[in-house]
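> Just passing along the structure, written as structure tokens.
In the UniProt record's numbering, the protein residues as written are 1 to 87.
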């Protein structure tokens, strides 16, 4: 399963920056293949996370800035899902 490591995040942010600066691009559809688009954050890049589940691990995980924040994309409009005709 694909994890969102630093390289992945940097590449996708660069791609969206390029698309944002292209006036001919009006929409972007990001899709994945297989069971899921991504397994989530690459926990190997998050030192200090406890191996044991519980409050310590949860507190440490939430204290790390969310990776998804790097995905904030400027756009004139956005949709949370595809139109029903394309599902």
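Where is the CB? At the ideal position from N, CA and C, for every residue including glycine.
Could you check what DSSP says for residue 22 in three-state terms: helix, strand or coil?
DSSP, reduced to helix, strand and coil, places residue 22 outside both helices and strands of the structure shown, so it counts as coil.
> By the 10 Å Cβ neighbour count, where 16 or more other Cβ atoms means buried, how is residue 41 classified, buried or exposed?
buried
> Does DSSP classify residue 39 as helix, strand or coil?
Of the three classes helix, strand and coil, the one that applies to residue 39 here is coil, per DSSP.
> For residue 7 and residue 20, I'd like the C-alpha separation in whole angstroms.
20 Å
> Are the CB atoms of residue 3 and residue 43 within a distance shorter than 9 Å?
Residue 43 places its beta carbon less than 9 Å from that of residue 3.
> If I measure Cβ to Cβ from residue 22 and keep anything under 7 Å in the same chain, skipping five residues before and after, which residues do I get?
If you ignore the 5 residues before and after residue 22, its C-beta comes within less than 7 Å of no other C-beta in its own chain.
> As a quick exercise: from 16, 36 and 35, pick the residue whose alpha carbon is nearest that of residue 27.
16
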